[in-house]
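Visitor:
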Amino acid sequence: MAVPILKQGDVLIASIQAALSDRDLLQLRDDLAQRVGNLRCRGVIIDLTALDVLDSYATRMIRGIVYTAKLRGAETIVVGIQPDVAFSMVQLGLSLDGIATALDLEEGLALLAQEKGVRALPD
Amino acid sequence: MAQLGQHETLTQQLIREMGLSEHDIDRRKRIVGLVPLDLERIGKIKDLVTQHVDELANSFFDYLAALEEGRPLTSAGARLERARQLKRDHLLAMVRGNYDAEYAAQRLELAVLYSRCNLDLRVFLGAFHHLLKNIGLKVMGSFQHAPLEGFEAFMSLKKIAFLDIGIIVDAIVFERERLIRTQQDAIRELSTPVLQIRERLLLLPIIGVIDTQRARLITENLLRSIRANRAKVVVMDVTGVATIDSKVANHLIQTVTAAKLMGASVIVTGLSADVAQSLVALGIDLAKLNTVGDLQGGMEEAEHLLGYRVALDGDRVNGAPVARA
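Residue numbers (my numbering), protein chains in the order written: chain U, 1 to 123; chain X, 1001 to 1325.
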């Protein structure tokens, strides 16, 4: 299942709704890299609220997506990691070092606005 | 009637938890060396015991009454009445020759009663021995023509008595351990509170020893609270943790990393001079952690992160005096 990518102001929002196959993740990375350039977006939010498990490959892919977007000129915030997911990631030694995280979509948008000056809505 | 029903389920629950199955009862019979010949011998004294059942049961409670340590039971009113009735049933069942799950359940009910009254095990054993002695005297009195036969019958009955003691001791110990288990759970729950002290700011005071189990609980609690309170900053105070070794440090780092994944930053406070030195000596890298000397400093740092400004009454903020709230 491909991940829908929504544009809202200067921000792209990718909301992951179900466990993703490796190919879906690769496609998400390519889609995002292209859209960031085409739409001249400066912020990306990856929403993991619906995920109840995150394995090492997905973690690495998310890191890859974040760095790719960064190289294309957009800051990425990963939001909505559930308590259980966070706990098991730590247990497995998976980390998102150097990647900004926020509680949920609202917090992520606030963080983008506050830290990076990227706004989803005009003031 | 409701109380009786409750008691029934308590006994059944105990049977299940102790694993007191038919198989287990058979093992217990094997352990005390009960053989079919014993049942035959017990049958010979059945009428004798049944005939004197009240006198014998009373001797048990009279013995308890004479002991200071027996008071928890002998002054228990309704419970004492129930115990007397159960003990009478016990004596009758001891000579009936049918030692099955129901028999064990009856022993458990009495054991639960003893443990509810906080009757000491040694006191019970003393009184039970006295009871056996009285049975022995009765048996020997009526078997004067054939003392060996009487002695054998009595020894067979004693096997049953030891079967009972085994069950009762196990049950009382199990009940006592249950108390310890529930208390441990309560302590564990109490000892990991997560407190919200300002909007979006949580305080997590950790006191005592951190083991893997507890670290897990602390982390889970914290993560849940972060989501429930929409927290952005957490101050974790470890003043109450006496020693921090590499294992504990690792737990702390894991907790901080997990909180970070949920978008909350953690400030660790209260690492004492000794702890800091030993961490350095052990070569543990806490560079990942945002540490501040004491709780006050940590709170100030957290307020700064969240954009709070604490002002005294009369202080000037942005040129204007702060009004009393």
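Don't be surprised by glycine CBs; every beta carbon is placed ideally from N, CA and C.
So, with DSSP's three-state summary, where would you put X:Ala1002?
Guide: Taking the first residue of the second sequence as position 1, residue 1002 of chain X is located at position 2. With a pLDDT of 41 at X:Ala1002, under the threshold of 50, the modelled position of this residue cannot be trusted; read the value that follows with caution. The answer is helix: DSSP assigns X:Ala1002 an H, G or I state.
Visitor: Determine the direct distance from the alpha carbon of U:Thr49 to that of X:Ile1165, and round the result to whole angstroms.
Guide: Within the second sequence, numbered from 1, the residue matching residue 1165 of chain X stands at position 165. Within the first sequence, numbered from 1, the residue matching residue 49 of chain U stands at position 49. Going by the C-alpha atoms only, they are around 58 Å apart.
Visitor: Going along chain U, which residues have a C-beta under 8 Å from X:Glu1220?
Guide: For this step, residue 1220 of chain X is matched to residue 220 along the second sequence. The contacting residues are Pro83, Phe87.
Visitor: Excluding the 5 residues flanking U:Ile81 on each side, which residues of the same chain have their C-beta closer than 6 Å to its C-beta?
Guide: Residue 81 of chain U sits at position 81 when you count from the first residue of the first sequence. Within the same chain, U:Ile81 has close Cβ partners Leu48.
Visitor: Let's test the definition: count the other Cβ atoms within 10 Å of the Cβ of X:Asp1038 and tell me whether it reaches 16, buried, or not, exposed.
Guide: Here residue 1038 of chain X refers to the residue found at position 38 of the second sequence. The residue is buried, with at least 16 neighbouring Cβ atoms inside 10 Å.
Visitor: Starting from X:Asn1290, follow its DSSP beta bridges and name the residues at the other end.
Guide: By 1-based counting over the second sequence, the position of residue 1290 of chain X is 290. Partner(s): X:Ile1267.
Visitor: Out of curiosity, what's the CA-to-CA distance linking X:Leu1004 and X:Gly1077?
Guide: Taking the first residue of the second sequence as 1, we reach residue 1004 of chain X at position 4. Taking the first residue of the second sequence as 1, we reach residue 1077 of chain X at position 77. For X:Leu1004, the predicted model reports a pLDDT of 48, less than 50, meaning its position is unreliable and no value from the coordinates is stated.
Visitor: Chain X beta carbons: is any one of them nearer than 7 Å to that of U:Glu115?
Guide: One-based indexing of the first sequence puts residue 115 of chain U at position 115. With 7 Å as the cut-off, U:Glu115 does not count as an interface residue toward chain X.
Visitor: Suppose you measure from the CA of X:Ala1215 to the CA of X:Thr1255; what does that come to, to the nearest Å?
Guide: As a position in the second sequence, residue 1215 of chain X is number 215, starting the count at 1. As a position in the second sequence, residue 1255 of chain X is number 255, starting the count at 1. Using only the alpha carbons, I get a separation of about 8 Å.
Visitor: Could you tell me if X:Ile1218 is buried or exposed, where buried requires 16 or more neighbouring beta carbons within 10 angstroms of its beta carbon?
Guide: The residue you call residue 1218 of chain X lines up with position 218 of the second sequence. Result: buried.
Visitor: Do you know how far the Cα of X:Glu1017 is from the Cα of X:Gln1144?
Guide: What you label residue 1144 of chain X is simply residue 144 of the second sequence in a count that begins at 1. What you label residue 1017 of chain X is simply residue 17 of the second sequence in a count that begins at 1. The straight-line gap from Cα to Cα measures roughly 46 Å.
Visitor: With DSSP run on the structure shown, which of helix, strand or coil describes X:Gly1136?
Guide: For this step, residue 1136 of chain X is matched to residue 136 along the second sequence. Helix.
Visitor: Taking Cβ-Cβ distances below 8 Å as the criterion, which residues of the stretch 1236-1251 of chain X are in contact with chain U?
Guide: Flagged: no residues at all.
Visitor: Indicate whether at least one CB of chain X lies closer than 7 Å to the CB of U:Val90.
Guide: Here residue 90 of chain U refers to the residue found at position 90 of the first sequence. Output row for U:Val90: interface = yes.
Visitor: Quick one: list the residues of chain X neighbouring U:Ser95, beta-carbon separation under 9 Å, in chain order.
Guide: Counted from its first residue, the first sequence places residue 95 of chain U at position 95. By Cβ distance, chain X contributes Thr1257, Lys1260, Leu1261.
Visitor: Bridge partners of X:Ala1057, per DSSP?
Guide: Here residue 1057 of chain X refers to the residue found at position 57 when the second sequence is read from its first residue. Bridge partners of X:Ala1057: none, in fact.
Visitor: Between X:Lys1232 and X:Leu1306, what straight-line distance do the alpha-carbon atoms span, to the nearest angstrom?
Guide: The sequence position of residue 1232 of chain X within the second sequence is 232, counting from 1. The sequence position of residue 1306 of chain X within the second sequence is 306, counting from 1. So the alpha carbons of these two residues sit roughly 8 Å apart.
Visitor: Distance cutoff 7 Å, beta carbons only. Does X:Pro1193 sit that close to anything in chain U?
Guide: Along the second sequence, read from residue 1 onward, the residue named residue 1193 of chain X stands at position 193. Not an interface residue.
Visitor: Please list the partners that X:Leu1223 has in chain U, where partner means a Cβ-to-Cβ separation under 9 Å.
Guide: The sequence position of residue 1223 of chain X within the second sequence is 223, counting from 1. Going along chain U in sequence order, the residues near X:Leu1223 (Cβ under 9 Å) are Gln82, Pro83, Asp84, Ala86, Phe87.
Visitor: Is there a Cβ of chain X sitting closer than 7 Å to that of U:Glu107, yes or no?
Guide: Counting from 1 along the first sequence, the entry for residue 107 of chain U is found at position 107. By this cut-off, U:Glu107 is an interface position.
Visitor: Determine the closest residue to X:Ile1135 out of X:Ser1272, X:Ser1265, X:Leu1048, with distance taken between C-alpha atoms.
Guide: By 1-based counting over the second sequence, the position of residue 1135 of chain X is 135. Comparing Cα-Cα distances from X:Ile1135 to each of X:Ser1272, X:Ser1265, X:Leu1048, the minimum goes to X:Leu1048.
Visitor: For the stretch 30-50 of chain U and the stretch 109-120 of chain U, state whether three or more C-beta atom pairs, one from each stretch, are separated by less than 8 Å.
Guide: Yes, they touch.
Visitor: With distances taken between CB atoms, is the gap from X:Val1270 to X:Val1238 smaller than 7 Å?
Guide: Position 270 of the second sequence holds residue 1270 of chain X. Position 238 of the second sequence holds residue 1238 of chain X. According to the sequence shown, residue 1270 of chain X is Gly rather than Val. Contact flag set, yes.
Visitor: To the nearest whole angstrom, what separates the beta carbons of X:Ala1127 and X:Leu1195, a pair I think is in contact under 8 Å?
Guide: For this step, residue 1127 of chain X is matched to residue 127 along the second sequence. For this step, residue 1195 of chain X is matched to residue 195 along the second sequence. Rounded, the Cβ-Cβ distance is 51 Å, inconsistent with contact.
Visitor: By the DSSP assignment, the beta strand (DSSP E) with U:Asp52 in it spans what residues?
Guide: The residue given as residue 52 of chain U occupies position 52 in the first sequence. Run containing U:Asp52: none; DSSP gives neither H nor E here.
Visitor: Assuming X:Val1248 and X:Ile1267 are in contact, meaning their beta carbons sit under 8 Å apart, how far apart are those beta carbons, in whole angstroms?
Guide: For this step, residue 1248 of chain X is matched to residue 248 along the second sequence. For this step, residue 1267 of chain X is matched to residue 267 along the second sequence. Contact flag wrong, Cβ pair sits at about 18 Å.
Visitor: How long is the line joining the alpha carbons of U:Val11 and U:Glu107, rounded to whole angstroms?
Guide: Within the first sequence, the letter at position 11 stands for residue 11 of chain U. Within the first sequence, the letter at position 107 stands for residue 107 of chain U. About 14 Å.
Visitor: Which residues in chain U sit within 7 Å of X:Arg1230, going by Cβ to Cβ distance?
Guide: As a working note, residue 1230 of chain X is residue 230 in the second sequence. Within chain U, the residues near X:Arg1230 are Leu103.
Visitor: The beta strand (DSSP E) that contains U:Gly43, what's its start and end?
Guide: As a first step, residue 43 of chain U must be located in the first sequence, where it is residue number 43. 43-47 is the span of the beta strand (DSSP E), which, as asked, contains U:Gly43.
Visitor: How far does the beta strand (DSSP E) with X:Gly1298 in it extend, from its first residue to its last?
Guide: One-based indexing of the second sequence puts residue 1298 of chain X at position 298. Per DSSP, X:Gly1298 belongs to no beta strand (DSSP E); it is in the alpha helix (DSSP H), 1295-1306.
Visitor: What alpha helix (DSSP H) runs, 4 residues minimum, are completely inside the stretch 1070-1116 of chain X?
Guide: Complete alpha helix (DSSP H) runs here, min 4: 1071-1074, 1078-1094, 1101-1116.
Visitor: First and last residue of the alpha helix (DSSP H) that includes X:Ala1276?
Guide: Residue 1276 of chain X sits at position 276 when you count from the first residue of the second sequence. Here the alpha helix (DSSP H) through X:Ala1276 covers 1273-1282.
Visitor: Identify, in the order they occur along the chain, each residue of the same chain with its Cβ nearer than 8 Å to the Cβ of U:Val85, setting aside the five sequence neighbours on each side.
Guide: Counting from one through the first sequence, the residue named residue 85 of chain U turns up at place 85. Leu48, Leu51, Asp52, Val53, Leu54.
Visitor: I want to see whether chain U comes within less than 7 Å of X:Gln1254, judged by CB atoms only; does it?
Guide: As a working mapping, residue 1254 of chain X is identified with position 254 in the second sequence. Yes, X:Gln1254 counts as interfacial toward chain U.
Visitor: Does the structure place the stretch 1104-1117 of chain X close enough to the stretch 1009-1025 of chain X that three or more beta carbon pairs sit under 8 Å?
Guide: Yes, they touch.
Visitor: Using a Cβ-Cβ cut-off of 8 Å (strictly less than) and excluding sequence neighbours within five positions of X:Lys1087, which residues of its own chain qualify?
Guide: Numbered from its first residue, the second sequence carries residue 1087 of chain X at position 87. So the qualifying residues of the chain are Ala1057, Phe1060, Phe1061, Leu1110.
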